[in-house]
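At position 16 of the sequence shown the residue is numbered 16 (UniProt numbering), and the sequence of numbers has no breaks.
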Amino acid sequence: MSLRSQLLKGVLEGCILAIIKQESVYGYELSVKLQQFGLNDVSEGSIYPLLLRLQKAGLIAGEMRDSPSGPKRKYYHLTEKGEEALQDFITEWESIRNPVENILRGGTSNERERFGQT
């Protein structure tokens, strides 16, 4: 597995929850939105198992709706539990992002205090 794939695997769930929070989406539409944000290597085939897992965990719920063209589509929206999971993800992401960026930019360990870390 490539480094990019490993990193993406760790954050894809949070990204999907954030997109679904903005608006209800169906699987293919979600794939397009991820590509619009620059995540071009996320295949449709990897999205559907993740959607199923999120639904089984109670983080999202699906609803069949008529499509303007073709068969009905399953639109997903966040549940209350999904909202909480997204907030947890954001909190954890922010607690990791700043120190990692500091390290990669060659910051000093003294800057840990700036990020609330001792």
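Yeah, the Cβ is synthetic: ideal placement off N, Cα and C, and Gly gets one too.
What does a CB cutoff of less than 6 Å around V100 pick up in its chain, not counting 5 residues either side in sequence? none
Per DSSP, cross-strand counterpart(s) of A61: H77
Distance, Cα to Cα, Q35 vs G27? 13 Å
Check each candidate in N102, V32, E13, L3 and name the one with the smallest Cα separation from I60. E13
For M1, I'd like the list of residues in its chain whose CB is within less than 7 Å of its CB, leaving aside the five on either flank, ordered along the chain. none
Helix, strand or coil for V11 per DSSP? helix
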